[in-house]
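According to my numbering, the stretch in the sequence shown is residues 6 to 122, in order.
Glycine included, each C-beta is placed from N, C-alpha and C at the ideal position.
Here the structure is a predicted model, which means the values were calculated and not measured.
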Amino acid sequence: DAGCGAPWGLGITGVEEDVAELIVLAPLFAPLGAEHLHAGGGGADIGPLMRDGVMGVGLHPDVSRYFDIHHTNADTIEKIDPAHLQRNAAAMALMAYILAERELAPARTPPTQESDH
Numbered sequence: 006d007a008g009c010g011a012p013w014g015l016g017i018t019g020v021e022e023d024v025a026e027l028i029v030l031a032p033l034f035a036p037l038g039a040e041h042l043h044a045g046g047g048g049a050d051i052g053p054l055m056r057d058g059v060m061g062v063g064l065h066p067d068v069s070r071y072f073d074i075h076h077t078n079a080d081t082i083e084k085i086d087p088a089h090l091q092r093n094a095a096a097m098a099l100m101a102y103i104l105a106e107r108e109l110a111p112a113r114t115p116p117t118q119e120s121d122h
């Protein structure tokens, strides 16, 4: 939940080699403004999967205006810039496509003790 500012980049958590392989693809995300790919990402909603070793990818939008309205009475759907939403969705779709088209699925990391199972 980082708001819906313009896309900035994606954080990726997984096996080091897989993360490095994805980070070098950052130029593909430049037309969307999301070319800042880096190690470390995910989110509370996919935390249980990541604890079980599944690669996690988290969108990082521009948060410079995040607290201007976040969790106030003005925090309503019409405040979302449709162009930002489209570019954020496109960045995640591009990453999903890249992962789906890989010859091998990303390797899993060892599960952590905090697993929900």
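query = What are the uninterrupted segments assigned as beta strand (DSSP E) that are 3 or more residues long and contained completely in the stretch 47-115, given in chain order?
reply = 61-66
task = For the alpha helix (DSSP H) containing LEU25, list its first residue and its last residue.
result = Per the sequence shown, residue 25 should be read as Ala rather than Leu. Run containing ALA25: 21-28, per the alpha helix (DSSP H) assignment.
request  = Give every residue of the same chain whose Cβ lies closer than 7 angstroms to the Cβ of ASP23, excluding the five residues on either side of it in the sequence, and list them in chain order.
outcome  = MET60, PRO111 and ALA112
ask   = Thinking just about the alpha-carbon of each residue, which of ALA35, LEU30 and ARG70 is nearest to the one in CYS9?
value = ARG70
key: Three-way DSSP call (helix, strand, coil) for ALA44 in this model   = strand
query = Which residue comes first and which comes last in the beta strand (DSSP E) that contains PRO32?
reply = PRO32 -> no beta strand (DSSP E), and no H or E assigned at all.
message = Let me check one thing: in DSSP terms, what residues is GLY16 bridge-paired to?
response = HIS43 and GLY63
task = Determine, using beta carbons only, whether LEU37 and ALA101 come nearer to each other than 8 angstroms.
result = no
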